[in-house]
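When you line the sequence shown up against the working numbering, it's residues 254 to 558, in that order.
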Amino acid sequence: MTATTAWTVANSRKLARQESRRRLGPMAILSHVALLLWTLLTVVPILWTFLASVKSEDEIFGDAWSLPSTLRWDNFARAWEQAHIGQYMLNSVIVVTFSVFGTMLVGSMAAYVLARYPFRGNRAVYLLFVSGLAFPVYMALTPLFFVVQNMGNVPLIGPLIGLNTHAGLVLVYIAYSMPFTVFFLAAFFRTLPTAVAEAAMVDGASHTRVFFQIMLPMARPGLVSITIFNILGQWNQYQLPLVLLQERDKWVLTQGIADISTAAGYDQDWSALFAALTLAILPMLVVYTVFQRQIQSGLTAGALK
């Protein structure tokens, strides 16, 4: 590289930095500061949990940010075997897999019809779905308990969908995930072009075929985004399984972690507790990291079209 070329590159970089500083007004700087603080508030507790999961209890209650003298992997063994976190995690995987699949299947079909098919009462049905966002889960826990209990009296399938069943919890998860799923996907389906669907209909494709083979692939960014949100929300759910699953062998992961912290009163196994928390956090962290680009593209696609 010649001296003239090097000077040109350095000058271009200097001008770019000056232009960047000129564009950053006070509000932009404040937003960056707020994002930095939010990042610290989110990342620091997670890092501390990971660090505490390989410490002894004396080290946890000593210097909070000191490194462990020895990496105590036996904390994970106690959480997995003695506290049965492995069984609870398997239960969570089963419940979340079926509930997310059901949510996305039913929610996408409902959102597509509400977004693309005008009919009398369309707006009322849409508002009925969206109104579910206004009701916190705490308000419905007592009536929900009796509803699921009565579902257990249904002939033939009652024992499979009543209290203390994973299928019953799956149905409740689907119901509580539907409002946000329909709200998000209906807005996304409205942004998709209609020319391809109309051409397929002219060629003789049925409404079902148009939906599954044309519209769903076009809506992939939005579907991936809302799927990840549903996985995160259902994986971390605690109130619903606490009310609907009372048999220990049916518990999900959040119930198992809560049991570690309360079973022995003030003498609980803190090291195993943080190890269990780490086991609960890592799968969701991996899922979000892997699908980060798809989530961002799904959230911005509807706004840009």
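Just so it is clear, CB atoms sit at the ideal spot from N, CA and C, and this is done for glycine as well.
- In the same chain as I484, and ignoring 5 residues on each side of it, the C-beta atoms closer than 7 Å to its own belong to V349, V353 and V540, in chain order.
- I484 sits in a helix when the DSSP states are folded into three classes.
- The residues I338, A525, A528 and A529, in chain order, have a CB closer than 6 Å to that of A332 in the same chain once the five nearest residues on each side in sequence are set aside.
- H337: not part of any alpha helix (DSSP H); DSSP gives it neither H nor E.
- When rounded, the separation of the alpha-carbon atoms in Q490 and L506 is 9 Å.
- The closest CA to that of I534, considering only G486, I467, L495 and F314, is found on G486.
- In the three-state reduction of the DSSP assignment, T418 falls in the coil class.
- Contact between the stretch 415-426 and the stretch 352-370 is present: three or more C-beta pairs spanning the two stretches fall below 8 Å.
- The continuous stretches of alpha helix (DSSP H) do not include N489, and DSSP gives it neither H nor E.
- Distances from the alpha-carbon of I481 to those of W523, K503, V455 and R546 put R546 closest.
- Counting every other CB atom within 10 Å of its CB across the protein chains shown gives G315 a total below 16, marking it as exposed.
- Counted as a single uninterrupted DSSP element, the alpha helix (DSSP H) harbouring R376 occupies residues N375 to S384.
- In the structure shown, S306 adopts coil according to DSSP, grouped into three states.
- About 6 Å separates the Cβ atoms of N375 and L367, confirming a contact at the 8 Å cut-off.
- Measuring C-alpha to C-alpha distances from M362 to each of P396, F436 and L498 identifies F436 as the nearest.
- Collapsing the DSSP output to three states places G509 in a helix.
- Collapsing the DSSP output to three states places N406 in coil.
- Put simply, the stretch 321-335 touches the stretch 292-312. At least three CB pairs are less than 8 Å apart.
- In the structure shown, G355 falls within a helical segment according to DSSP collapsed to helix, strand and coil.
- For T461, the enclosing alpha helix (DSSP H) covers residues H460 to V463.
- Residue burial is scored here from C-beta neighbours: G457 has fewer than 16 other C-beta atoms within 10 angstroms and is therefore classed as exposed.
- In this chain, the alpha helix (DSSP H) harbouring Y541 covers W523 to V543.
- The Cβ atoms of T302 and T542 do not sit closer than 8 Å to each other.
- Per the C-alpha coordinates, the member of A453, I313 and M431 positioned closest to G385 is M431.
- Counting only residues of its own chain and dropping the five nearest sequence neighbours on each side, W488 has a CB closer than 7 Å to the CB of S345, V349 and M537.
- DSSP places V449 in the uninterrupted alpha helix (DSSP H) bounded by A448 to V455.
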